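Chemist:
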Amino acid sequence: QTTIVNNYYQRWRYEYKSQRTLFGLPLVHIRLGDRGTGVAKGVLAIGNYAVGIFTLGGFSLGLVSIGGLSVGLLFSLAGWAIGGIAVGGFAVGLLAIGGAAVGLFAMGGGAFGVYAAGGGAIASEIAIGGSAHAPLAIGRVAEGALTFVPGSDPAQVAEAIRQAASGAPRFLQNLLIFLAQNW
Numbered sequence: 001q002t003t004i005v006n007n008y009y010q011r012w013r014y015e016y017k018s019q020r021t022l023f024g025l026p027l028v029h030i031r032l033g034d035r036g037t038g039v040a041k042g043v044l045a046i047g048n049y050a051v052g053i054f055t056l057g058g059f060s061l062g063l064v065s066i067g068g069l070s071v072g073l074l075f076s077l078a079g080w081a082i083g084g085i086a087v088g089g090f091a092v093g094l095l096a097i098g099g100a101a102v103g104l105f106a107m108g109g110g111a112f113g114v115y116a117a118g119g120g121a122i123a124s125e126i127a128i129g130g131s132a133h134a135p136l137a138i139g140r141v142a143e144g145a146l147t148f149v150p151g152s153d154p155a156q157v158a159e160a161i162r163q164a165a166s167g168a169p170r171f172l173q174n175l176l177i178f179l180a181q182n183w
């Protein structure tokens, strides 16, 4: 079903909704309009506002979401992204990557988290960056209980990271070591 509506003010709307459904949701729902008040809901939802499993929209909410402002339970890519893995200009998530990033592991121009890496990194455990502030700080300007600067012994840095991140998954420890050795 496709509908295109035009009136005197040149308002327009496009909508497509597939007949097939999964768990009561259409497999594909596209709903776009110049006034952006409609919501697309589907397994694949595309619209000014999109809600579903895989979503694309100005505002999108789903398992995997892409949009201007996006919330994705697993993954989000957006100007403002919130999700398990969030990537965007401003990102908040367990793993957050962005211009400004906040999360368990945050990486970006300004990074804030338990583990943070970036131009300016502030962390509750380990910070790596140009300016790093944390109990374990690694960077050109490092402030914390234990600090390392460029040229420090890589084995000592790796051991300090393993101790400070002993509760973190091994892949995250390895990522932090890689970032510290290549900063």
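For the sequence shown, counting from 1, position 35 maps to 35 in this note's numbering; every step adds exactly one.
Here a beta-carbon is modelled for each residue, glycine too, at the ideal position from N, C-alpha and C.
Because the structure is a prediction, the values reported are computed rather than measured.
(1) Would you mind reading off the limits of the beta strand (DSSP E) that contains ARG13?
(2) Which residue wins for smallest C-alpha separation from GLN173, given the options ILE126, PHE148, ALA40, ALA111?
(3) Closest to SER152 by C-alpha separation, out of GLY72, VAL87, GLN181, would be which residue?
(4) Quick check: what's the CA-CA separation for TRP183 versus VAL141?
(5) Since I believe SER70 is in contact with GLY93 (beta carbons under 8 Å), could you give me their beta-carbon distance rounded to a whole number of angstroms?
(6) Beta carbon of MET107, beta carbon of ILE122: below 8 Å?
(7) So is PHE149 buried or exposed if we call it buried at 16+ other beta carbons inside 10 Å?
(8) Which term fits ALA145, buried or exposed, when burial requires 16 or more other beta carbons within 10 angstroms of its beta carbon?
(9) To the nearest angstrom, report how far apart ALA78 and ILE66 are at their CA atoms.
(10) If you scan the stretch 18-98 from start to end, which runs of the beta strand (DSSP E) of 3 or more residues do you find wholly inside it?
(11) Would you check if the distance between the CB atom of PHE54 and the CB atom of GLY47 is smaller than 8 Å?
(12) How would you write the range of the beta strand (DSSP E) that VAL149 sits in, first residue to last?
(13) Put ALA142 into one of helix, strand or coil per three-state DSSP.
(14) Using alpha carbons as the reference points, say which of GLY38, GLY33, PRO26 lies closest to LEU44.
(15) On the premise that GLY120 lies in contact with GLY129, defined as a C-beta separation below 8 Å, what is that separation, rounded to the nearest angstrom?
(16) Give a yes or no on whether the C-beta atoms belonging to GLY110 and GLY103 are separated by under 8 Å.
(17) Given HIS133, which residues of its chain have a CB within under 6 Å of its CB, disregarding the five upstream and five downstream residues?
(18) Near LEU56, which residues of its chain fall below 7 Å by C-beta distance, leaving aside the five closest residues on each side in sequence?
(19) Note down the Cα distance separating VAL64 from HIS29, rounded to an integer number of angstroms.
Modeler: Quick look at the numbers:
(1) For the purposes of this step, residue 13 is taken as residue 13 along the sequence shown, with counting starting at 1. Run containing ARG13: 13-17, per the beta strand (DSSP E) assignment.
(2) Start at 1 with the first residue of the sequence shown, and residue 173 comes out as number 173. The shortest C-alpha separation from GLN173 is found at ILE126.
(3) Within the sequence shown, residue 152 is the residue found at index 152, counting from 1. Of the candidates GLY72, VAL87, GLN181, the one whose C-alpha sits nearest the C-alpha of SER152 is GLN181.
(4) Taking the first residue of the sequence shown as position 1, residue 183 is located at position 183. Taking the first residue of the sequence shown as position 1, residue 141 is located at position 141. Spanning the two alpha carbons is a distance of roughly 12 Å.
(5) Along the sequence shown, read from residue 1 onward, the residue named residue 93 stands at position 93. Along the sequence shown, read from residue 1 onward, the residue named residue 70 stands at position 70. Their Cβ separation, rounded to whole angstroms, is 11 Å, which puts GLY93 and SER70 out of contact at 8 Å.
(6) If you number the sequence shown from 1, residue 107 lands on position 107. If you number the sequence shown from 1, residue 122 lands on position 122. Result no, Cβ atoms of MET107 and ILE122 do not sit closer than 8 Å.
(7) Reading the sequence shown from its first residue, position 149 is the one you call residue 149. Looking at the sequence itself, residue 149 is Val, so the reference to Phe does not match. Flag for VAL149 reads exposed.
(8) The residue labelled residue 145 in the question sits at position 145 within the sequence shown. Flag for ALA145 reads exposed.
(9) By 1-based counting over the sequence shown, the position of residue 78 is 78. By 1-based counting over the sequence shown, the position of residue 66 is 66. Roughly 6 Å between the two C-alpha positions.
(10) 28-33
(11) Position 54 of the sequence shown holds residue 54. Position 47 of the sequence shown holds residue 47. No, they are not a contact pair.
(12) Along the sequence shown, one-based indexing puts residue 149 at 149. Where VAL149 is concerned, there is no enclosing beta strand (DSSP E), given that its DSSP letter is neither H nor E.
(13) Locating residue 142 in the sequence shown gives position 142, where the first residue counts as 1. If DSSP states are grouped into helix, strand and coil, ALA142 belongs with the strands.
(14) Along the sequence shown, read from residue 1 onward, the residue named residue 44 stands at position 44. Ranking GLY38, GLY33, PRO26 by Cα distance to LEU44 puts PRO26 first.
(15) Within the sequence shown, numbered from 1, the residue matching residue 129 stands at position 129. Within the sequence shown, numbered from 1, the residue matching residue 120 stands at position 120. At roughly 6 Å, the Cβ-Cβ gap stays under 8 Å, so GLY129 and GLY120 are in contact.
(16) In the sequence shown, counting from the first residue as 1, residue 110 sits at position 110. In the sequence shown, counting from the first residue as 1, residue 103 sits at position 103. No, Cβ-Cβ distance for GLY110 and GLY103 is not below 8 Å.
(17) Looking up residue 133 in the sequence shown gives position 133. Once the five neighbours on either side are set aside, the close Cβ partners of HIS133 are ILE122, ALA127, GLU143.
(18) Within the sequence shown, numbered from 1, the residue matching residue 56 stands at position 56. ILE46, ALA50, ILE66, GLY67.
(19) Taking the sequence shown and counting its residues from 1, one reaches residue 64 at position 64. Taking the sequence shown and counting its residues from 1, one reaches residue 29 at position 29. Straight-line Cα distance between these residues: approximately 15 Å.
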